[in-house]
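Every letter in the sequence shown is one number past the one before it in numbering that gives the first Met the number 0, and letter 457, counting from 1, is 456.
Ideal Cβ placement from N, Cα and C applies to all residues, glycine included.
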Amino acid sequence: MSMPTPRPPQGAAPSATAPAATTGPAPRADETPSAGLRFPPGFGWGAATSAYQIEGAAKEDGRGESIWDTFSHTPGRTRNGDTGDVAADHYHRYAEDLDLMRDIGLDSYRFSISWPRVQADGTGAPNQRGLDFYRRLVDGLHERGIAPMATLFHWDLPQSLQDAGGWESRDVAHRFADYAEIVFRALGDRVPVWLTVNEPKTVVQNGYLEGHHAPGRQDPDAAYLVAHHLHLAHGLAVAAFRATGSGRIGPALNLHPCYPADDSPEAARAARLYDGYENRLYLDPILTGRYPQDVLDDLGPDSRLVRGIHDGDLATIAAPVDLLAVQYYTPYYVTGDGATVGRWPTSQASWQQIHPDGMYDILTRVTRDYGPIPLTVTENGLPTPDTLDADGTVDDAGRVTFLRDHLAAVHRAMAAGVPLESYHVWSLLDNFEWDAGYDERWGLVHVDYQTQRRVLKRSAHWYRQVIAANGL
Ligand code: FCB
Numbered sequence: 000m001s002m003p004t005p006r007p008p009q010g011a012a013p014s015a016t017a018p019a020a021t022t023g024p025a026p027r028a029d030e031t032p033s034a035g036l037r038f039p040p041g042f043g044w045g046a047a048t049s050a051y052q053i054e055g056a057a058k059e060d061g062r063g064e065s066i067w068d069t070f071s072h073t074p075g076r077t078r079n080g081d082t083g084d085v086a087a088d089h090y091h092r093y094a095e096d097l098d099l100m101r102d103i104g105l106d107s108y109r110f111s112i113s114w115p116r117v118q119a120d121g122t123g124a125p126n127q128r129g130l131d132f133y134r135r136l137v138d139g140l141h142e143r144g145i146a147p148m149a150t151l152f153h154w155d156l157p158q159s160l161q162d163a164g165g166w167e168s169r170d171v172a173h174r175f176a177d178y179a180e181i182v183f184r185a186l187g188d189r190v191p192v193w194l195t196v197n198e199p200k201t202v203v204q205n206g207y208l209e210g211h212h213a214p215g216r217q218d219p220d221a222a223y224l225v226a227h228h229l230h231l232a233h234g235l236a237v238a239a240f241r242a243t244g245s246g247r248i249g250p251a252l253n254l255h256p257c258y259p260a261d262d263s264p265e266a267a268r269a270a271r272l273y274d275g276y277e278n279r280l281y282l283d284p285i286l287t288g289r290y291p292q293d294v295l296d297d298l299g300p301d302s303r304l305v306r307g308i309h310d311g312d313l314a315t316i317a318a319p320v321d322l323l324a325v326q327y328y329t330p331y332y333v334t335g336d337g338a339t340v341g342r343w344p345t346s347q348a349s350w351q352q353i354h355p356d357g358m359y360d361i362l363t364r365v366t367r368d369y370g371p372i373p374l375t376v377t378e379n380g381l382p383t384p385d386t387l388d389a390d391g392t393v394d395d396a397g398r399v400t401f402l403r404d405h406l407a408a409v410h411r412a413m414a415a416g417v418p419l420e421s422y423h424v425w426s427l428l429d430n431f432e433w434d435a436g437y438d439e440r441w442g443l444v445h446v447d448y449q450t451q452r453r454v455l456k457r458s459a460h461w462y463r464q465v466i467a468a469n470g471l
C-alpha cells in the first residue's frame, strides 16, 4: 500500500510574550490595494476559526470532554504540553471578537460548533447552554452584518464516542447525524451556510496514520475505514439538513496539488496515485458517488475500507451538496518511488511549502474535473513568528505577502472561470494549533495568552483595506 506523507509534527518555534496594546501599524504604501485586481461585487471576505482552538471554557456550562482534551492532556502529545483549556478564551470574549471582525470589515465568519458542548457524551438530549452560546454568537454576527458559516465537526469528537470505537465505528456516523439535526433545529433559521466535516483527510492521516493528532493512532487499515465513516457522516448530515431546514451545505476539504517531482513516467504515475490519496479519495465519493479505483486497487479487496462499504452508502455520501469548501496550504512533489520532496520555502510549519500558484492549480482543477459547483475557500494562511513590538504593533509583513500572492492566484482562477464566492483567512485569531500548541501564530489578530488582549496585526489592517477596496 502506498501511503501519503501527511504533515509531520512541527519543530520548535519561538513564542511571543510582550506587553499588550490595542493598535497596529497601518499598511505600508506598497501594500495598499493597487494591483488593479478587483473582485466581483458581493464577493465574501472572511476569516475562519474552530471551536477547540479558540474557545477555552473546557469545563463550563455542561461541556463534555472531547478527544482533543484527552490528547492534549496526555504528556508528550503537544508542544510544551499545551492544551485548549483556555485557548483564546473566546467563549467569554466572543463579543469583543465580534467587534474585531466588524472593525476588519469581514463579510463572513467561519467557526465550528463543539459537539461536546451540544451533547456532552455525543448522544441524547441537547445541552441548551451549549446551544445558547452559539445562538448568541450567531446573533452577534447578524447584528454586525457578518454572515455566519458554521462547521459541524472540526475534530473535537466527544470522548465517550471515542470510547465506543470512534470513527472506526459506523454507528458514530449516525450519532453525528443526530447531533447535526439538533444543531440545524436550533440554528438553521439563522445560519445560511453549513459545512459538515472539516478536512476528513487530516483526521485520517494525522489522527490514524501518523498519530500526531487525536486520537493518536497509527493504523493504516483503520485509517481508511475512518475515511469512509466520515464520508457517511457527511452524507447523513446532508440528509438531515434537507429534512429540517433551508440554506446551503457542503463539505470542507483540504486539497493539495500533487505534481510529479521530475519528468519520468514513474514520477507521473506515483503523483497520480498520490493525488488519489490526497484529493480524489475525498472529492470523488462526495461529488461523483464513486471511490477512485486506483486507490481501492492499491488498498486491496481485504482492506477495512473496501469491506466497510455497505450497499447504499455511496448514494448517501453523494447526496447533492450546494457548495464545496476548499482549504489550501501546500503542494506536494512526488518522486517515482512515491516519496515527496520539497521545492519551495517552508513556513514555520515545516509541512507547508509556500506556493501561491498551487491555489490557482487546485481551484481550476476542481472546476475542470468536477464541474461548476460553487466554491468557497474556507482556509488559507501562514504561521509567522510574530512579536508584539515595544510600540504596541505586530508587524507580520510575511503574512501580508502570503495573503496578497494567494489572493492574486484566487483572482486568476476566477478569471479562468472558477465559480468562487468567498475566501477565508486562516485564522482570525492566534490560537491552539493542535500538536504545535501555541507556538505557531496563524492569526490576523495577535493574542497575548497571559492577558488575553487582542491586537490587530499589520495583516489585519491590510486585509481591512483589501475588503474596503474589494480587491488588491
Ligand atoms: C488546517 C486545520 C485548521 C488549522 C490549519 C492551520 O488543517 O483545519 O484547524 O490547524 O490547518
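Distances from the CB of H230 to the heavy atoms of ligand 1 are all 8 angstroms or more. Relative to ligand 1, the beta carbon of A221 is positioned no closer than 8 angstroms to any heavy atom. Cβ-Cβ distances below 6 angstroms link A267 to P259 in the same chain, with the five nearest sequence neighbours on each side left out; the list follows chain order. Beta bridge pairing from DSSP links W44 with Y422. The segment 373 to 384 and the segment 266 to 281 do not touch, with fewer than three beta-carbon pairs separated by less than 8 angstroms.
Three or more beta-carbon pairs drawn from the segment 311 to 329 and the segment 220 to 240 are found closer than 8 angstroms, and the two stretches are therefore classed as touching. The DSSP assignment places 146 to 152 as complete runs of the beta strand (DSSP E) inside the segment 128 to 163, in order along the chain (cut-off: 3 residues).
If you ignore the 5 residues before and after I66, its C-beta comes within less than 6 angstroms of the C-beta of L156, Q158, Q161, A213 and P214, all in its own chain and listed in chain order. Under the three-state reduction of DSSP, E59 is assigned to coil, being neither helix nor strand. For I285, the uninterrupted alpha helix (DSSP H) run begins and ends at L280 to T287, by DSSP. Ranked by Cα distance from G61, the options Q127, H72, H91 and F38 are led by Q127.
Apart from the 5 residues on each side of it in sequence, P355 sits with its Cβ closer than 6 angstroms to the Cβ of D404, H405 and A408 in its chain, given in chain order. Residue pairing by DSSP puts V446 in a beta bridge opposite R453. Exclusion of the five residues before and after S107 leaves G43, G45, A146, M148 and S421 as the residues of its chain whose Cβ lies within less than 6 angstroms of its Cβ. For the pair of segments examined, the segment 430 to 446 was found to touch the segment 80 to 92: the number of CB pairs separated by less than 8 angstroms reaches three.
Secondary structure note for T73: it is in no alpha helix (DSSP H), with a DSSP letter that is neither H nor E. Ranked by Cα distance from T450, the options V340, L387, R189 and F152 are led by L387. With a threshold of 16 other beta carbon atoms within 10 Å, S426 meets it and is buried. Beta-bridge analysis with DSSP links A213 to no other residue. In the structure shown, V182 adopts helical secondary structure according to DSSP, grouped into three states. Every unbroken stretch of the alpha helix (DSSP H) spanning 4 or more residues and falling wholly within the segment 221 to 286 is given here in chain order: 264 to 274. The DSSP-derived three-state label of A324 is strand. A contact between stretches requires three or more CB pairs, one per stretch, nearer than 8 angstroms, and the segment 241 to 251 meets this requirement with the segment 185 to 203. Residue state for V196 is assigned as strand, using DSSP reduced to three classes. DSSP, reduced to helix, strand and coil, places S349 outside both helices and strands of the structure shown, so it counts as coil. When distances are taken from the beta-carbon of S168 to the heavy atoms of ligand 1, even the shortest one reaches 8 angstroms or more.
With contacts defined by Cβ atoms closer than 9 angstroms, L374 and L419 form a contacting pair. For the pair G307 and L254, the CB atoms are not nearer than the 9 angstroms cut-off. Relative to ligand 1, even the nearest heavy atom lies 8 angstroms or more away from the CB of Q347.
Short note on S426: C-beta closer than 8 angstroms to some heavy atom of ligand 1.
Taking the Cβ of T201 as the reference point, at least one heavy atom of ligand 1 falls within a distance shorter than 8 angstroms. If you check the C-beta of H153 against ligand 1, you find a heavy atom less than 8 angstroms away. For E95, same chain residues with a beta-carbon under 8 angstroms away, outside a window of 5 residues either side, are R453 in chain order.
In chain order, A163 and G164 place their CB closer than 8 angstroms to the CB of D170, counting only its own chain and leaving out the 5 sequence neighbours on each side.
Under DSSP, G165 takes part in no beta bridge, so it has no partner. The C-alpha of H227 is placed about 6 angstroms away from the C-alpha of L304.
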